[in-house]
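A.B. asks:
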Amino acid sequence: MFTAVDHIVIVAPELEAAIRDYAAAGFTVVRGGRHNIGTHNALIALRDGSYIELIAFLNPIEGHPWFEALKRGSAIVDFCMQTDDLASDAEEMRHAGVPMGDATSMTRDRPDGYRLKWVLSIPAAPFNARVPFLIRDETPRDERVPRERSHRNGVTGLTALTIAVEDPSATGIAYARVLGRPTAPVQRADLDGAGLRFRIGPHSIDLIAPKRRDGPLVEWIKRRGQSPYAAVLSGTQATALDPRLLGNARLSIG
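Using our numbering, the letters of the sequence shown correspond one by one to residues 1 to 254.
1) Run through DSSP, which three-state label would leucine 86 get?
2) Candidates Val131, Ile221, Leu116, Asp21: which alpha carbon is nearest glycine 33's?
3) Measuring straight from C-alpha to C-alpha, what distance separates arginine 188 and arginine 110?
4) Would you list, in sequence order, the uninterrupted beta strand (DSSP E) runs of no fewer than 3 residues that lie entirely inside the segment 179 to 221?
5) With burial defined as no fewer than 16 other Cβ atoms inside 10 Å of the residue's Cβ, what is the status of glycine 247: buried or exposed?
6) Rank Thr156, Gly49, Leu43 by C-alpha distance to the C-alpha of alanine 56 and give the top, closest one.
7) Where does the unbroken beta strand (DSSP E) through phenylalanine 133 begin, and where does it stop?
8) Strictly by DSSP, which residues pair up with histidine 7?
9) Tell me whether the segment 94 to 108 and the segment 2 to 15 touch, counting them as touching only if at least three CB pairs, one residue from each stretch, are closer than 8 Å.
10) Note down the Cα distance separating methionine 1 from alanine 160, rounded to an integer number of angstroms.
11) Reducing DSSP to helix, strand and coil, say where leucine 15 ends up.
12) Would you kindly report the start and end of the unbroken beta strand (DSSP E) that includes leucine 281?
13) Is it buried or exposed for tyrosine 51, if we count other Cβ within 10 angstroms and need 16 for buried?
14) From arginine 129 to isoleucine 10, what does the alpha carbon distance come to, in whole angstroms?
15) Is the number of C-beta pairs between the segment 83 to 99 and the segment 169 to 178 that are closer than 8 Å three or more?
16) Which residues share a DSSP beta bridge with proline 123?
17) Is the Cβ-Cβ distance between histidine 35 and threonine 107 less than 8 Å?
18) What does the Cβ neighbour count give for proline 243, buried or exposed, with the cut at 16 atoms within 10 Å?
19) With H, G and I counted as helix, E and B as strand and the rest as coil, what does DSSP make of proline 168?
20) From the DSSP output, in three-state form, read off arginine 223 for me.
21) Do leucine 217 and glycine 193 come within 8 Å of each other at the CB atom, strictly closer than that value?
22) Among the residues of its own chain, which have a CB less than 6 Å from the CB of phenylalanine 198, if the five just before and after it don't count?
23) Measuring only the C-alpha atoms, how far is alanine 18 from leucine 158?
24) With H, G and I counted as helix, E and B as strand and the rest as coil, what does DSSP make of aspartate 242?
25) Note down the Cα distance separating glycine 172 from valine 131, rounded to an integer number of angstroms.
26) Quick one: Cα of serine 169 to Cα of alanine 209, how far?
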């Protein structure tokens, strides 16, 4: 079963610039190291156990969904879910019509030389980015997530992630199947949209479709496809995040 959002992924054209900007926005940013697939990252760990991953490509990887998304600008491009049984949850998602890939091994070499290992099950198109990819750690998760979790801007956790979709019911089948429960409809007047909200551990996932033929979600789906639109963070103080420092990533404290 899904237990919580593990992390959200923000792709950036250049990692050092992203580290500088997010630090200026009040986040404590920790360099994560290099992956075996040709990317490197930095992490913003939150007190609720989730984190924000800033990721950049060391070299172009044509066809990679995140590299293709980067061509349209930096943004939240994906999200990962914690699960108590990756194999079972991936199979349930397949039964719901999502083409989940087999578990694939991944590594990341931290700057201190420690090699992290985990496996991922990743949804294929057209479901990638509107349903999560799944993770199972082979080295301790506490080694994957930085211990530095206090931030000058007061951010403490992830509250909600909004996914822009065309049909919330069609996408929501996979969530409902894995969670084993139906969900309630939700109205999002701020986005002129409506859809479904799933509570997963301490986090909410909103699958929201536009109500009309114009508006922010229509434009988003047209430019970036069905994908994460925005994330709301919890915080100890009402601090505005300077959008100029976040690229196109829509993060707010609510």
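All C-beta atoms in this analysis are idealised placements derived from N, C-alpha and C, irrespective of residue type, glycine included.
C.D. replies: Concretely, from the data shown:
1) In the structure shown, leucine 86 adopts helical secondary structure according to DSSP, grouped into three states.
2) When the alpha-carbon of glycine 33 is set against those of Val131, Ile221, Leu116, Asp21, the nearest one is in Leu116.
3) Taking C-alpha positions only, arginine 188 is separated from arginine 110 by approximately 40 Å.
4) Runs of the beta strand (DSSP E) inside the segment 179 to 221: 184 to 188, 193 to 200, 203 to 210.
5) Buried, since its Cβ has 16 or more Cβ neighbours within 10 Å.
6) Closest in C-alpha terms to alanine 56, from the list Thr156, Gly49, Leu43, comes Leu43.
7) Counting along the chain, phenylalanine 133 sits inside the beta strand (DSSP E) bounded by residues 133 to 137.
8) Tyr51, Cys80, per the DSSP bridge assignment.
9) The segment 94 to 108 and the segment 2 to 15 do not touch, with fewer than 3 CB-CB distances between them shorter than 8 Å.
10) Straight through space, the alpha carbons of alanine 160 and methionine 1 are spaced by roughly 19 Å.
11) Note: leucine 15 maps to helix in three-state DSSP.
12) Any property of residue 281 remains undetermined from this structure, which presents the chain solely from 1 to 254.
13) Classification of tyrosine 51: buried, given that the 10 Å Cβ count is 16 or more.
14) Looking at the sequence shown, residue 129 is not arginine but alanine. Answer to the nearest angstrom: the Cα atoms are 12 Å apart.
15) Enough Cβ pairs lie closer than 8 Å, so yes.
16) Beta-bridge annotation (DSSP): proline 123 is paired with Met100.
17) Taking 8 Å as the Cβ cut-off, histidine 35 and threonine 107 qualify as a contacting pair.
18) It is exposed - the Cβ of proline 243 has fewer than 16 other Cβ atoms within 10 Å.
19) Per DSSP, reduced to three states, the secondary structure at proline 168 is helical.
20) The answer is helix: DSSP assigns arginine 223 an H, G or I state.
21) Contact: yes.
22) Cβ within range, chain order: Tyr175, Thr183, Ile205.
23) Roughly 19 Å between the two C-alpha positions.
24) Aspartate 242 falls in the coil class under three-state DSSP.
25) Near 9 Å, if we compare the C-alpha coordinates of valine 131 and glycine 172.
26) For serine 169 and alanine 209, the gap between their C-alpha atoms comes out near 10 Å.
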